[in-house]
Amino acid sequence: MPVAEQVVQAESWAPADTGRAGLRGVAQVALSSNAWSGLLFTVALFVDGWQLGLYGLLGAASSTVAAALLGADRKGLTEGLQGYCGCLTGIALMVRLGGSWQTAVLTVLAAAVCSVLSAAAGRFLGPRGLPVLTAPYCLVAGALVVALSKAPVTAGATTRISGFTNLTVTETGRALCNNIGQVFYLDKWYASLLVLVGLFVASRIAGLAAIGASALALLTSCVAGLPADRIVEGLYGYNGVLCAVALAATFLTLTPWTAGYAALAAVASVPFTAAWEVFAQPSGGYPFTWPFTVTTWLFLAAGPALGRPGISFEKAM
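Here the numbering used here is used: the first residue of the sequence shown is 1, the next is one more, and so on.
See the structure below:
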């Protein structure tokens, strides 16, 4: 389809179609194309903080509009595949740089760049049988945070304790919730529960995968002796939750073997996240969702070599 025709089609959408596409852009952060899930995720963002919701929606809208103007296919626009990286970029910039009109302008521009990088990544990764995932967001947000953040740069390895990290019952409950909520940078446990509800609305398998991965990531973090405060905040678990949703509920046919495979990826993502945190500290960076993206790529690439069930990339390409 000619680019001009695609742009006209995108601009001629009814308001309801545009709204659903925007909500699906938020939903695709957790690999879902369900508009109701996107609505619940959006509510969770506003419950945690109105600026999170505002910048998340601004980023999703900006990247979607930019993709439409650049001639992206309507199917991808409708399913929200052009919105999720912009959504995460907007949230990340607000959290790291603070809410201001400068951050809002930066969000619009950065989200547009995400659309370009998504197209480029799709051309490169598609023939290799791999989805784009959140790589464009990680690249854009990572570069901007390192370049513009005014927070003091800290160096050194993540502090570990000797032996198992012990948590109270309350801390354990908060960690289990925050491992899911940190996918959207949420730090209120009740907002995180709204994200979990949204996952169940999208898919019962996705909801169960998120719960199981959260528990596995929590246990792995404690066994590794990682700092309790960061475990409770969910900073070592959200990548594992995304890995499990991607492998168990999105790209692989669910079988007992693939369920175990997804669980292994969730466990592997924890030390990967801690290592990435150490790697990024000297420059003032942050792991973002690189551990999820790279771990999922590796596990998907290894799947065919292991002679296991086929992979479907319909939601990510």
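All residues carry an ideal CB built from backbone N, CA and C; glycine is no exception. Computed from a prediction, not measured in an experiment: that's the story for all the values here.
Would you grab the beta carbon distance between residue i and residue j for me? Rounded to a whole angstrom, and I think it's under 8 Å.
{"i": "residue 21", "j": "residue 71", "result": "Incorrect: roughly 16 Å between the Cβ atoms, too far for contact."}
{"i": "residue 167", "j": "residue 232", "result": "7 Å"}
{"i": "residue 288", "j": "residue 142", "result": "6 Å"}
{"i": "residue 206", "j": "residue 169", "result": "Going by Cβ atoms, the distance from residue 206 to residue 169 rounds to 27 Å, so no, they are not a contact pair."}
{"i": "residue 165", "j": "residue 221", "result": "7 Å"}
{"i": "residue 194", "j": "residue 31", "result": "Actually they do not touch by this definition, with Cβ atoms about 17 Å apart."}
{"i": "residue 196", "j": "residue 175", "result": "Actually they do not touch by this definition, with Cβ atoms about 14 Å apart."}
Please report how far the alpha carbon of residue i lies from the alpha carbon of residue j, in whole angstroms.
{"i": "residue 290", "j": "residue 138", "result": "6 Å"}
{"i": "residue 249", "j": "residue 265", "result": "13 Å"}
{"i": "residue 6", "j": "residue 61", "result": "Residue confidence is low: residue 6 scores 42 on pLDDT, short of 50, so the model does not pin down where it sits. Its coordinate-derived value is still stated next. Looking at the two C-alpha atoms, the distance is approximately 17 Å."}
{"i": "residue 314", "j": "residue 131", "result": "Confidence at residue 314 is low in this model, with a pLDDT of 43, below 50, so its placement is unreliable and the value that follows should be read with caution. Their Cα atoms are separated by approximately 9 Å."}
{"i": "residue 216", "j": "residue 263", "result": "7 Å"}
{"i": "residue 145", "j": "residue 257", "result": "39 Å"}
{"i": "residue 155", "j": "residue 52", "result": "In this prediction, residue 155 scores a pLDDT of 48, lower than 50, which makes its location untrustworthy; no coordinate-derived value is stated."}
{"i": "residue 56", "j": "residue 255", "result": "34 Å"}
{"i": "residue 109", "j": "residue 204", "result": "36 Å"}
{"i": "residue 234", "j": "residue 113", "result": "29 Å"}
{"i": "residue 43", "j": "residue 292", "result": "24 Å"}
{"i": "residue 121", "j": "residue 294", "result": "14 Å"}
{"i": "residue 63", "j": "residue 275", "result": "30 Å"}
{"i": "residue 25", "j": "residue 128", "result": "24 Å"}
{"i": "residue 303", "j": "residue 23", "result": "31 Å"}
{"i": "residue 19", "j": "residue 91", "result": "19 Å"}
{"i": "residue 261", "j": "residue 77", "result": "31 Å"}
{"i": "residue 101", "j": "residue 88", "result": "18 Å"}
{"i": "residue 300", "j": "residue 247", "result": "8 Å"}
{"i": "residue 172", "j": "residue 192", "result": "14 Å"}
{"i": "residue 237", "j": "residue 147", "result": "26 Å"}
{"i": "residue 126", "j": "residue 297", "result": "12 Å"}
{"i": "residue 136", "j": "residue 86", "result": "9 Å"}
{"i": "residue 124", "j": "residue 163", "result": "43 Å"}
{"i": "residue 202", "j": "residue 29", "result": "12 Å"}
{"i": "residue 186", "j": "residue 119", "result": "28 Å"}
{"i": "residue 149", "j": "residue 286", "result": "11 Å"}
{"i": "residue 284", "j": "residue 103", "result": "18 Å"}
{"i": "residue 84", "j": "residue 27", "result": "7 Å"}
{"i": "residue 140", "j": "residue 134", "result": "10 Å"}
{"i": "residue 279", "j": "residue 17", "result": "42 Å"}
{"i": "residue 106", "j": "residue 198", "result": "29 Å"}
{"i": "residue 208", "j": "residue 189", "result": "18 Å"}
{"i": "residue 282", "j": "residue 259", "result": "36 Å"}
{"i": "residue 111", "j": "residue 82", "result": "10 Å"}
From which residue to which residue does the alpha helix (DSSP H) around residue i run?
{"i": "residue 145", "result": "135–148"}
{"i": "residue 42", "result": "35–48"}
{"i": "residue 271", "result": "256–280"}
{"i": "residue 96", "result": "84–97"}
{"i": "residue 122", "result": "101–125"}
{"i": "residue 229", "result": "228–232"}
{"i": "residue 77", "result": "74–78"}
{"i": "residue 238", "result": "238–246"}
Hey, would you say the C-beta of residue i is under 7 Å away from at least one heavy atom of the ligand HEM?
{"i": "residue 58", "result": "Among the components modelled here there is no ligand, and therefore nothing to report on the ligand HEM."}
Original post:
Per the contact definition of three or more C-beta pairs closer than 8 Å, is the region 229–241 in contact with the region 177–185?
Top reply: yes
Original post:
Do three or more CB pairs link the region 211–226 to the region 254–273 at distances below 8 Å?
Top reply: yes
**OP:** Give a yes or no on contact between the region 35–44 and the region 94–101, applying the rule of three or more CB pairs nearer than 8 Å.
**Re:** In short, these stretches do not touch, since the Cβ pair count stays below three.
Original post:
In chain order, which continuous runs of the alpha helix (DSSP H) of length 4 or greater are located wholly inside the region 172–224?
Top reply: 189–202, 204–223
Original post:
Given 8 Å as the limit, is there contact between the region 43–52 and the region 62–69, that is, 3 or more CB pairs closer than that?
Top reply: no
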